[in-house]
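Protein chains in written order, with this note's numbering: chain A, 117 to 252; chain B, 724 to 1127.
This is the structure in structure tokens:
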């Protein structure tokens, strides 16, 4: 399989590999995929009080294209608001990494991972608010 | 040490220089058609073909008259299965095989299933091994053929074909074995093992691609099969078509070389394979050996590196040529059906790498491979959410995955 230069680059020098504290209320964690499918992505975001993503980390079990897609995703969402991050489409990832048709599903999973992390963060925010309201 | 390093000998082998030397005249001055009976060009070609026939027969204890030349083991398997089924259709329409066979056996069986045949796929254990008792129990009065491979190309497991052959003999059922990975490299004797048909290939034994052979027993019993290719009636009517003289000469010489050095090469290759295995298992944890631990072909090592995916792993040591059972590496995005048949879970297939060493592999190459592979695995485990979860003590089998 001939990889694009960018995929190779993300594989050799992945951006933002690691983990954030999932118990931190400012952190959202998304885990998508399944081992039986050969693809699992964990993507985490940390937001400031304005809801802007200030840090993002990922870990991926999957092929070179999957690793590159999730690495690129963390690069792109840093500094964006949640709504801006949700607007990222998998087709943009495909274009940036020159993914062949057989690897498009890797980009879809990366988009799903972003959504899952944001949803988790928003869910935590809702719970925090409810708890605060209940405590009053 | 030349890079990239080749460790995919179960996929194919380079043509040995001695084999190439033996073949060249048959591309040049000795270009005759072996079926040309009226002049010396033909006679010399025929002589070379018959000499090669004897070389191949000697590797399995057969008579040269029992060797048919084909274009490769896929064709040999097709003749053995479809040809025998057609010839014995009046006796019955039941065939017995197993799910880790090469597609060149499975697909002809599936084809027959669609044409009125019943095929039993025997169960295999977690090593991919067939129990001869299951063969005995599956045989009925309708059974015309049992087809069980000798050595598995993916996971290396060696089937107990001697016992299976004896059972088939006792029940009067023909026994075919696909011996691609073991022909000329392991001792095979068609009499002792009760084999009636055997497929083999040139390019697995340091011979050329595009040539293979089918052993068809002539005595006790006399096996007959219908041809798959019709035409000029070559190879006793079983396989029409002008013979690939250079290829045949090459396969014969390749077989002879393998047989001559069989014992020492067996020991050498086993030692290199074990060196690779011990080197990797000595350094990494969470590595699973696929296939039988001891009953396996000597050059094969199929390992699943847990929590790391196969294609990404191969990218990490891309100066070493190997193959993987991961879905990502197949055109169909399906994980290896052989590993699936072992019942071990798709995640093991996605993490699997097959290493196979051979005649030109050196200890230096093995040591280099150990270093590169282990470094790549360690690096990818740092990237792996699964490895992280395992380190945290999470039982992955209990996780609810959000797959789509």
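Even glycine gets a Cβ: it sits at the ideal position worked out from N, Cα and C. Fair warning: this is a prediction, and the values are worked out from it, not measured in the lab.
Which same chain residues end up closer than 6 Å to residue 171/A when comparing Cβ atoms and leaving out the 5 residues on each side of it in sequence? The count along the first chain starts at 1 and reaches residue 171/A at position 55. 162.
Residue 767/B to residue 749/B span [Cα, whole Å]: In the second chain, the residue the question calls residue 767/B occupies position 44. In the second chain, the residue the question calls residue 749/B occupies position 26. Rounded to whole angstroms, residue 767/B to residue 749/B spans 10 Å at the Cα level.
Would residue 127/A count as contacting chain B if we go by Cβ distances under 7 Å? If you number the first chain from 1, residue 127/A lands on position 11. True, the Cβ-Cβ gap to chain B drops below 7 Å.
From what residue to what residue does the alpha helix (DSSP H) around residue 779/B run? Taking the first residue of the second chain as 1, we reach residue 779/B at position 56. It spans 763-783 - the alpha helix (DSSP H) in which residue 779/B sits, taken as one unbroken run.
Please classify residue 133/A: does DSSP put it in a helix, a strand, or coil? For the purposes of this step, residue 133/A is taken as residue 17 along the first chain, with counting starting at 1. Note: residue 133/A maps to strand in three-state DSSP.
Out of curiosity, what's the CA-to-CA distance linking residue 1100/B and residue 878/B? Residue 1100/B sits at position 377 when you count from the first residue of the second chain. Residue 878/B sits at position 155 when you count from the first residue of the second chain. About 20 Å.
Enclosing alpha helix (DSSP H) for residue 810/B [first to last residue]: Along the second chain, one-based indexing puts residue 810/B at 87. Secondary structure note for residue 810/B: its alpha helix (DSSP H) is the uninterrupted segment 807-810.
Check residue 1070/B in the structure and name its three-state DSSP category. Within the second chain, residue 1070/B is the residue found at index 347, counting from 1. In this structure, residue 1070/B counts as helix in the three-state DSSP scheme.
Does the segment 1053-1069 of chain B come into contact with the segment 964-971 of chain B, if we say contact requires no fewer than three beta-carbon pairs (one atom in each stretch) closer than 8 Å? Because the criterion of three Cβ pairs below 8 Å is not met, the segment 1053-1069 of chain B and the segment 964-971 of chain B do not touch.
State buried or exposed for residue 797/B, treating a residue as buried only when at least 16 other CB atoms are found within 10 Å of its CB. Along the second chain, read from residue 1 onward, the residue named residue 797/B stands at position 74. Residue 797/B counts as buried, since at least 16 other C-beta atoms from the protein chains shown sit within 10 angstroms of its C-beta.
Residues sharing a beta bridge with residue 168/A, DSSP: One-based indexing of the first chain puts residue 168/A at position 52. By DSSP's assignment, residue 168/A forms a beta bridge with 197/A.
Would you say residue 1038/B lies against chain A (beta-carbon separation less than 7 Å)? Here residue 1038/B refers to the residue found at position 315 of the second chain. Taking 7 Å as the CB threshold, residue 1038/B lines the interface with chain A.
Return no unless some Cβ of chain B is closer than 7 Å to the Cβ of residue 183/A. To locate residue 183/A, count along the first chain from 1; it is residue 67. For residue 183/A, the answer is yes, since a Cβ of chain B falls inside 7 Å of its Cβ.
Quick check: the Cα distance between residue 1047/B and residue 737/B, rounded to an integer number of angstroms? As a working mapping, residue 1047/B is identified with position 324 in the second chain. As a working mapping, residue 737/B is identified with position 14 in the second chain. For residue 1047/B and residue 737/B, the gap between their C-alpha atoms comes out near 20 Å.
Collapsed DSSP secondary structure at residue 1015/B in the structure displayed: Here residue 1015/B refers to the residue found at position 292 of the second chain. Residue 1015/B: coil per DSSP, three-state reduction.
Three-pair Cβ contact test at 8 Å for the segment 1077-1085 of chain B versus the segment 981-999 of chain B: In short, these stretches touch, since the Cβ pair count reaches three.
Is there a C-beta anywhere in chain A that falls below 7 Å from the one on residue 803/B? The residue labelled residue 803/B in the question sits at position 80 within the second chain. Contact with chain A is absent for residue 803/B, since none of that chain's Cβ atoms lies less than 7 Å from the residue's Cβ.
Between the alpha carbons of residue 808/B and residue 895/B, how many angstroms are there, rounded? As a position in the second chain, residue 808/B is number 85, starting the count at 1. As a position in the second chain, residue 895/B is number 172, starting the count at 1. Cα to Cα, residue 808/B sits roughly 15 Å from residue 895/B.
Which bits of chain A does residue 1069/B rub up against, with CB to CB less than 8 Å? Position 346 of the second chain, counted from the first residue, corresponds to residue 1069/B. Taking the beta carbon of residue 1069/B as reference, the chain A residues within 8 Å of it are 151, 152, 153, 154, listed in sequence order.
Taking 7 Å as the CB-CB limit, is residue 178/A close to chain B? The residue you call residue 178/A lines up with position 62 of the first chain. Yes - at least one Cβ of chain B is within 7 Å of the one on residue 178/A.
Proximal residues of chain B, C-beta to C-beta of residue 135/A below 9 Å: Locating residue 135/A in the first chain gives position 19, where the first residue counts as 1. In chain order: 1108, 1111.
Taking 7 Å as the threshold (beta carbon to beta carbon), is residue 158/A in contact with chain B? Translated into positions along the first chain, residue 158/A becomes position 42. So yes, residue 158/A belongs to the interface.
Counting Cβ pairs closer than 8 Å, one from the segment 952-965 of chain B and one from the segment 752-769 of chain B, do we hit at least three? Yes, the segment 952-965 of chain B is in contact with the segment 752-769 of chain B.
Quick check on residue 1050/B - is its C-beta less than 7 Å from some C-beta in chain A? Indexing the second chain from 1 puts residue 1050/B at position 327. It does; some Cβ of chain A falls within 7 Å.
Tell me the start and end of each unbroken alpha helix (DSSP H) in the segment 176-243 of chain A that is at least 4 residues and wholly inside, in chain order. Here the runs fully enclosed are 180-193, 198-202, 206-213.
Determine, using beta carbons only, whether residue 890/B and residue 882/B come nearer to each other than 7 Å. Taking the second chain and counting its residues from 1, the one referred to as residue 890/B is at position 167. Taking the second chain and counting its residues from 1, the one referred to as residue 882/B is at position 159. Not closer than 7 Å, so no.
Anything in the segment 952-965 of chain B with a Cβ closer than 9 Å to a Cβ of chain A? List those residues in chain order, please. Taking 9 Å as the Cβ-Cβ cut-off against chain A, none of the residues of the segment 952-965 of chain B qualify.
Measuring alpha carbon to alpha carbon, tell me which of 1034/B, 1091/B, 1097/B ends up nearest residue 1075/B. In the second chain, the residue the question calls residue 1075/B occupies position 352. Nearest of 1034/B, 1091/B, 1097/B to residue 1075/B, Cα basis: 1034/B.
Terminal residues of the continuous beta strand (DSSP E) containing residue 150/A? As a first step, residue 150/A is located in the first chain; it is residue number 34 there, counting from the start. Run containing residue 150/A: 143-150, per the beta strand (DSSP E) assignment.
Buried or exposed (CB count within 10 angstroms, at least 16 for buried), residue 1086/B: On the second chain, position 363 is the one that residue 1086/B refers to. Exposed is the label assigned to residue 1086/B, since fewer than 16 other Cβ atoms lie within 10 Å of its Cβ.
Rounding to the nearest angstrom, what Cα-Cα distance links residue 1045/B and residue 847/B in this structure? Numbered from 1 along the second chain, position 322 holds the residue referred to as residue 1045/B. Numbered from 1 along the second chain, position 124 holds the residue referred to as residue 847/B. Distance between the alpha carbons of residue 1045/B and residue 847/B: 26 Å.
Which chain A residues are close to residue 1045/B, counting only those with a beta carbon under 8 Å from its beta carbon? The count along the second chain starts at 1 and reaches residue 1045/B at position 322. The premise fails here: residue 1045/B is roughly 14 Å from chain A at the closest Cβ pair, so nothing lies under 8 Å.
Go ahead and label residue 852/B buried or exposed: buried means 16 or more other beta carbons lie within 10 angstroms of its beta carbon, across all protein chains shown. Within the second chain, the letter at position 129 stands for residue 852/B. Label assigned to residue 852/B: buried.
In three-state terms, what does DSSP make of residue 154/A? Counted from its first residue, the first chain places residue 154/A at position 38. Here residue 154/A sits in coil by DSSP.
Just to check my reading of the structure: residue 818/B and residue 842/B have Cβ atoms closer than 8 Å, yes? What is that Cβ distance to the nearest angstrom? Sequence index remark: in the second chain, residue 818/B carries index 95 (1-based). Sequence index remark: in the second chain, residue 842/B carries index 119 (1-based). Contact flag correct, Cβ pair sits at about 5 Å.
Please name the residue in 1011/B, 1091/B, 1098/B whose C-alpha comes closest to that of residue 1068/B. By one-based count along the second chain, residue 1068/B stands at place 345. If we check each option's Cα against that of residue 1068/B, 1011/B comes out closest.
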